[in-house]
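The letter at position 332 of the sequence shown is residue 615 when you use the UniProt record's numbering, and the numbering goes up by one with no holes.
Backbone N, C-alpha and C define an ideal beta-carbon position, used for all residues, glycine too.
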Amino acid sequence: IQAEKAGYKHFMLKEINEQPRAIRDTTLGRVSLDTGKVFLEAMQISDEDLRNASQITIAACGTSWHAGLAGKFMIERLARLPVEVDYASEYRYRDPIADPRAIGLLITQSGETADTLAAQAELIAKGSKTLAICNVVGAAVTRKAQGTLTTNAGPEIGVASTKAFTAQLTALFVLALHLAQVRGTISDEESLHLVTELSKLPGKLASMLNINSPDAPGSSEGVAAPIRPSTRAAASDTERRSTVRLPLSAQCEELARLFHTSDDFLFLGRGIHYPIALEGALKLKEISYIHAEGYPAGEMKHGPNALIDESLPVVCIATKDPNDPSSVLKYEKTLSNIQEVTARSGRVIAIAIEGDTEISQLVEQTIYIPQAPELLLPILEVVPLQLLAYHIAVRRGCDVDQPRNLAKSVTVE
Ligand code: G6P
């Protein structure tokens, strides 16, 4: 088992560090860097069916459901096709409205989750065709689907999903681009731009994780990147300039030292970043047994603001794509939400884009990630959340790879 961990202390840390390769292998051969065109493996759903689709119905569980929520933003934005996202465990109990023009999309790492298979059976019974995004070739879900996009993340052992999640986000992005191209809702120029940006992600992830190339193993600490811990506005310019840049994993380790005794955590995000807030909270719950909630940043004023006090760590995803006006607007609104938290003495940990000094003036801690287009940012911003959960769980002496009461694959309903 030690050998399988390749020098890492836990499978989870190994798998976090395998993300550059997982993303590259999920993209490879599916996109052309010359034309921006997407090529998907043979599907028994024709382009005609994709053009005429009335909607996409996503059903999934756990982390895969979070990927589905992010996928909704990708597909609706690029392909202008309505997307509904259901918990697979709920789907068949509400006599869902499905029609033959709706396409079911099952997202599942294992391809064996009983609830997801039941949702697929329900979709098929209602006359929908189904597609699968799955990490295991030949798994049950793929046998009934009209097409499968395999996430090439490789076997995932840690119960808490990491590389399979970012590979799912990548597959969803590729699928969204494909749908957009088939349906004519994206220009060639935009396609090429997005495909080029997608191809830069493995390198960006590798630099965040201090890995020389997507194929190279990361350091067993899983480190590096130009990350600077910020201190609340109190720090003078001189102090700030002289702050040593800590690697990402080391910075998350330091956050773990500061916050591992907290009883509760809040994770906030807007738009496509909201599912990442949910995923950050789930990672923490799963492996450290700390109560954590993910919330849409704008909903704080409708309840959770009442929870804020000086002991509550609030992780805010406050990233933006400066070339995307809707992303900038969302960022500005999130900044006001952060101000509401700091005004009530909440302790904010922000995930922001490298170079954003506005945010570091406002909050106690800032973790920086590289720039990317809005729809691709989730793939980068979840990494510090995975590392934060990991280091907190290690500090609390939890069994990181096999948390209590949880299974890697849940084959009962
Ligand atoms: C279990 C695992 C989770 C996973 C969920 C769905 O609860 O512990 O990590 O997200 O099942 O699994 P699937 O294989 O369908 O993605």
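Asked	Found
Same chain, Cβ closer than 8 Å to ARG678, neighbours up to 5 away in sequence not counted	ALA539, ARG540, HIS543
Distance CB(GLU569)-CB(VAL442) smaller than 8 Å	yes
Any 3 or more C-beta pairs closer than 8 Å across the region 330-342 and the region 386-401	yes
Where ALA291 sits in the DSSP three-state scheme	Sequence inspection shows Tyr at residue 291; the Ala mentioned does not correspond to that position. Note: TYR291 maps to coil in three-state DSSP.
Status (buried if at least 16 other CB within 10 Å, exposed otherwise) for SER444	buried
Beta-carbon spacing of PHE448, THR346 below 8 Å	yes
heavy atom of the ligand G6P below 7 Å from CYS344 C-beta	yes
Cβ neighbours of GLN302 in the same chain (closer than 6 Å, five flanking residues each side left out)	LYS446, THR449, LEU488
Proximity below 8 Å, CB of PRO485 to CB of ILE634	no
Residue environment, TYR376, which counts as buried when at least 16 other CB atoms sit within 10 Å	exposed
Straight-line Cα distance separating SER372 from ALA402	7 Å
Distance, LYS427 Cα to MET583 Cα	41 Å
Separation of ILE591 from VAL424, as counted between CA atoms	43 Å
Contact test: ALA443 Cβ vs the ligand G6P heavy atom, cutoff 7 Å	yes
Beta-bridge pairing of HIS574 - partner residues as DSSP gives them	ASP547
Proximity winner among PHE294, GLU480, TYR578, LYS320, relative to GLN669 (alpha-carbon distances)	PHE294
VAL465 beta carbon near the ligand G6P (any heavy atom closer than 7 Å)	no
Reduced DSSP secondary structure (H/G/I, E/B, other) of THR391	strand
Check: ALA690 C-beta below 7 Å from any heavy atom of the ligand G6P	yes
Residue from SER610, GLU472, ASP607, THR617 whose Cα sits closest to the Cα of TYR578	THR617
SER470 Cβ short of 7 Å to the ligand G6P heavy atom set	no
Residue range of the unbroken alpha helix (DSSP H) whose run includes ALA626	608-626
In DSSP terms, what ALA402 is bridged to	The partner list for ALA402 (beta bridge, DSSP) is empty, contrary to what the question assumes.
Cut-off 7 Å between Cβ atoms - residues of its own chain near ILE390, not counting five sequence neighbours on either side	ILE341, ALA343, SER347, ALA350, GLY351, ILE416, GLN451
Classification of VAL695 by the beta-carbon crowding that lies within 10 angstroms, buried from 16 upward	exposed
Option in ASP498, THR479, GLU615 with minimal Cα separation from ASP317	THR479
Beta-bridge pairing of residue 250 - partner residues as DSSP gives them	Outside the displayed span of the chain (284 to 696) sits residue 250, for which this structure offers no information.
Alpha-carbon to alpha-carbon, GLY581 and VAL693	33 Å
Proximity test, SER347 beta-carbon vs the ligand G6P heavy atom, cut-off 7 Å	yes
Three-way DSSP call (helix, strand, coil) for ILE440 in this model	coil
8 Å contact criterion, which ILE328 and GLY430 should meet: CB distance rounded	6 Å
ALA635 (DSSP reduced to helix, strand or coil)	strand
Runs of beta strand (DSSP E) lying entirely within the UniProt domain "SIS" (329-468), each at least 3 residues, in chain order	338-343, 366-370, 385-391, 412-417, 430-433
DSSP state of ILE662 mapped onto helix, strand, coil	helix
ALA408, buried or exposed, once every other Cβ within 10 Å from all chains shown has been counted against 16	exposed
Sub-8 Å separation of GLU439 and GLU593 beta-carbons	no
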